[in-house]
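FYI, in mature numbering (1 follows the signal peptide of the UniProt record, and there is no 0) the residues of the sequence shown are -20 to -1, 1 to 238.
Positions of the beta carbon are idealized from the N, C-alpha and C atoms, including for glycine.
What follows is a set of notes on a single structure, which appears directly below.
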Amino acid sequence: MQVFKTLAVAMLVGSAFALAGCDVVVDSNGQTANGRTAGQQSSVAVPTAGSSANPVAEIPREQRAMARAFIEVVNRLEPVAERECRSRPRGFNCDFLIVVDDRTGQPANAFQTVDERGRPIIAFTLALIADARNTDELAFVMAHEAAHHIENHLDQQRRNATLGAAVFGQLAGVTGGGNEAIRTAQELGAAVGARSYSKEFELEADRLGTIIAFRAGFNPVRGADFFFRVPDPGDRFLGTHPANAERVQIVRQTAAGL
């Protein structure tokens, strides 16, 4: 397990968000400050050439506080998420890697994926970290993304996409469509299949994320206030996220039972 243990300081130099003592420091090319890719580990953030010998002194106090808050959340929440992951019988990789996407102009976002070895990655953009009003909100978002991996949502989404592509492609074929029509139908089917249970996946991640955040010592109900500051998707066809009211309700119901 890679946890931010000997973390002395988080550095924001220019647009870079460097976590000293963290697993990885990601720049706009997907590389660490010492040349490693995001899939490789780094125990210490190495200042880039030309940076100040004392970069901390150049970082605004507000940014240092933001970095410390993020690191605090990782320190407390990552081991809880990994214990929850290892308690499941599936036996897949539970060694979470948490990274920050420091590319300029990126919207507030967080997502979960896996590297080529199956290691789960949780990525935050700088805009989301800046938008969070407290550590409870950061913790809830992080717990939600960890829950997607624990619930195996990526694999389920891939299976749904594959099935959707096959069904739509077959329908195009039996109705006399040519190769181009079949290919277009397969692409549409994959998109529909991938989104078919996405709202349910989000609510499942909200439920488990509530449990993880609570066990890590955060207030998930307060953390869910983040939803009220993002556009409400409502109940759109093929929407990927449930309505905000649904999400807050599942968080409150789950928290009430803890």
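inquiry  = Is the beta carbon of A88 closer than 8 Å to that of L108?
reply    = Here residue 108 refers to the residue found at position 128 of the sequence shown. Here residue 88 refers to the residue found at position 108 of the sequence shown. In terms of Cβ geometry, L108 and A88 form a close pair [threshold 8 Å].
task = Let me know if A235 comes out buried or exposed under the rule of 16 or more other beta-carbons within 10 Å of its beta-carbon.
result = By one-based count along the sequence shown, residue 235 stands at place 255. When all chains shown are included, A235 counts as buried.
key: Residue environment, Q92, which counts as buried when at least 16 other CB atoms sit within 10 Å   = Taking the first residue of the sequence shown as position 1, residue 92 is located at position 112. When all chains shown are included, Q92 counts as buried.
task = Assign L57 to buried or exposed, taking buried as 16 or more other Cβ atoms, counted over all protein chains shown, within 10 Å of its Cβ.
result = In the sequence shown, residue 57 corresponds to position 77, counting from 1. By the neighbour-count rule (16 or more Cβ atoms within 10 Å), L57 is buried.
key: Among A204, R83, Q43, I192, nearest to A105 - alpha-carbon criterion   = As a position in the sequence shown, residue 105 is number 125, starting the count at 1. Before going on, a small fix: residue 105 reads as Thr here, not Ala. Of A204, R83, Q43, I192, the residue nearest in Cα terms is R83.
key: C-alpha gap between G203 and E52, whole angstroms   = What you label residue 203 is simply residue 223 of the sequence shown in a count that begins at 1. What you label residue 52 is simply residue 72 of the sequence shown in a count that begins at 1. Using only the alpha carbons, I get a separation of about 15 Å.
ask   = Looking at the structure shown, is D81 part of a helix, part of a strand, or coil, going by DSSP?
value = Taking the first residue of the sequence shown as 1, we reach residue 81 at position 101. Residue state, collapsed to three classes: strand.
task = Using three-state DSSP, classify P100 as helix, strand or coil.
result = Along the sequence shown, one-based indexing puts residue 100 at 120. Reduced to three states, the DSSP call for P100 is strand.
query = Taking 7 Å as the cut-off, does the CB of F104 come closer than this to any heavy atom belonging to the ligand GDP?
reply = Among the components modelled here there is no ligand, and therefore nothing to report on the ligand GDP.
request  = Apply the 10 Å Cβ neighbour rule to A225 and answer buried if 16 or more other Cβ atoms are within range, or exposed otherwise.
outcome  = On the sequence shown, residue 225 is found 245 positions in, with the first residue counted as 1. Flag for A225 reads exposed.
message = Restricting to Cα atoms, I'd like to know which of S67, L118, R227 is closest to N55.
response = Residue numbering aside, residue 55 sits at position 75 when the sequence shown is read from its first letter. Closest by alpha carbon: L118.
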